[in-house]
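Residue numbers (the working numbering): 136 to 433.
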């Protein structure tokens with residue numbers, strides 16, 4: 136299984152939160168989790184522009200805008216037949232952004248939750264997930280450097296997404312959205328250690344925590360690193376979200392400088408992959424680029 140080369144002294148910096156950045160441009164569609172995918176139809180230039188902004192801020196890796204491109208979400212809107220088209224559109228926009236740059240940028244294919252985020256009780260059976268993840272991974276595989284199976288909250292999602300991504304022959308990273316009140320656990324209560332063991336038979340290249348508070352990432356980092364694979368995280372700037380709760384409140388104590396300070400602790404603890412999730416913007420990523428290149432501010 137191919138792996139992404141990681142220099143011993145240089146972590147990989149991912150991009151920031153595409154979906155919330157689009158929402159900040161007025162592109163959120165109330166009542167539908169497809170809204171970030173709708174930008175591929177109504178505002179592709181905004182998606183392209185954000186990819187470019189994150190790259191220019193210093194990201195080594197950008198993630199395809201496919202988090203909302205989920206068949207069931209699209210079926211609810213009567214546009215399920217555009218599933219393949221919109222996955223390819225997201226891939227095209229990411230590739231266009233990368234090809235315009237003079238340095239090597241990785242493209243990660245996003246394999247998202249196939250039900251509303253943060254709701255482990257609504258996750259479908261693994262055999263259904265496996266079929267749907269295999270379809271999406273198959274569409275994206277030709278144009279990505281790796282897959283990130285992200286914001287996962289259950290063992291069934293973890294297994295199904297990782298197997299589908301691995302079947303393409305591309306490197307696979309697993310990203311878990313963590314429980315805010317249980318030490319190093321997924322939102323369904325499964326420990327990080329158990330979740331990692333569930334894919335021990337699959338060629339997973341890295342384990343990360345994403346779309347949870349920075350504090351949750353910090354608590355889980357030792358367990359993530361104990362897997363023996365490159366580990367890290369990219370957090371959101373939301374107030375803590377309990378399992379089963381989809382209401383989102385933004386914190387006021389996570390400006391770019393404060394977020395950088397959390398990431399500095401991850402790097403000091405051995406994180407090899409860092410970046411930002413919902414609520415982090417190019418200015419957050421720019422500070423992380425400086426942190427990685429120049430060290431913490433004196």
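We put the beta carbon where it would ideally sit given N, CA and C, even for glycine. Keep in mind the model is a prediction, meaning the values are calculated, not measured.
Suppose contacts are defined by Cβ-Cβ distances below 8 Å. Is residue i in contact with residue j by that definition?
i: residue 148; j: residue 409; result: yes
i: residue 206; j: residue 218; result: yes
i: residue 211; j: residue 252; result: no
i: residue 280; j: residue 241; result: yes
i: residue 321; j: residue 372; result: no
i: residue 222; j: residue 286; result: no
i: residue 245; j: residue 190; result: no
i: residue 399; j: residue 358; result: no
i: residue 362; j: residue 152; result: no
i: residue 260; j: residue 323; result: no
i: residue 154; j: residue 202; result: yes
i: residue 411; j: residue 369; result: yes
i: residue 301; j: residue 249; result: no
i: residue 353; j: residue 315; result: no
i: residue 395; j: residue 356; result: no
i: residue 298; j: residue 265; result: yes
i: residue 185; j: residue 226; result: no
i: residue 170; j: residue 183; result: no
i: residue 187; j: residue 156; result: no
Could you give the DSSP three-state label for residue i: helix, strand or coil?
i: residue 137; result: Only weak support exists for where residue 137 lies, its pLDDT of 48 falling under 50; the value from the coordinates is given anyway. Of the three classes helix, strand and coil, the one that applies to residue 137 here is coil, per DSSP.
i: residue 383; result: coil
i: residue 151; result: coil
i: residue 258; result: coil
i: residue 159; result: helix
Mind checking residue i: buried by the 16 CB within 10 Å criterion, or exposed?
i: residue 367; result: buried
i: residue 335; result: exposed
i: residue 263; result: exposed
i: residue 332; result: exposed
i: residue 173; result: buried
i: residue 235; result: exposed
i: residue 237; result: exposed
i: residue 407; result: buried
i: residue 292; result: buried
i: residue 193; result: buried
i: residue 277; result: exposed
i: residue 145; result: exposed
i: residue 239; result: exposed
i: residue 306; result: buried
i: residue 428; result: exposed
i: residue 365; result: buried
i: residue 247; result: buried
i: residue 417; result: buried
Within the present structure, is the beta-carbon of residue i separated from the nearest heavy atom of the ligand ADP by less than 7 Å?
i: residue 386; result: This structure lacks the ligand ADP, and indeed carries no ligand of any kind.
- What are the start and end residues of each continuous alpha helix (DSSP H) run of 4 or more residues lying completely inside the stretch 298 to 377, in chain order? 327 to 332 and 349 to 360
- Would you check if the stretch 389 to 407 and the stretch 165 to 179 touch, i.e. whether three or more CB-CB distances between them fall below 8 Å? no
- Message: As an exercise, report each continuous alpha helix (DSSP H) stretch of at least 4 residues that is fully enclosed by the stretch 260 to 298, in chain order.
- Response: 261 to 275
- Query: Would you call the stretch 310 to 317 and the stretch 267 to 275 in contact, with 3 or more CB pairs under 8 Å?
  - Reply: no
- Length-filtered (4 minimum) alpha helix (DSSP H) runs lying within the stretch 170 to 249: 170 to 177, 179 to 192, 206 to 211 and 218 to 234
- Message: For the structure I just gave you, are there three or more beta carbon pairs, one from the stretch 388 to 401 and one from the stretch 327 to 347, closer than 8 Å?
- Response: no
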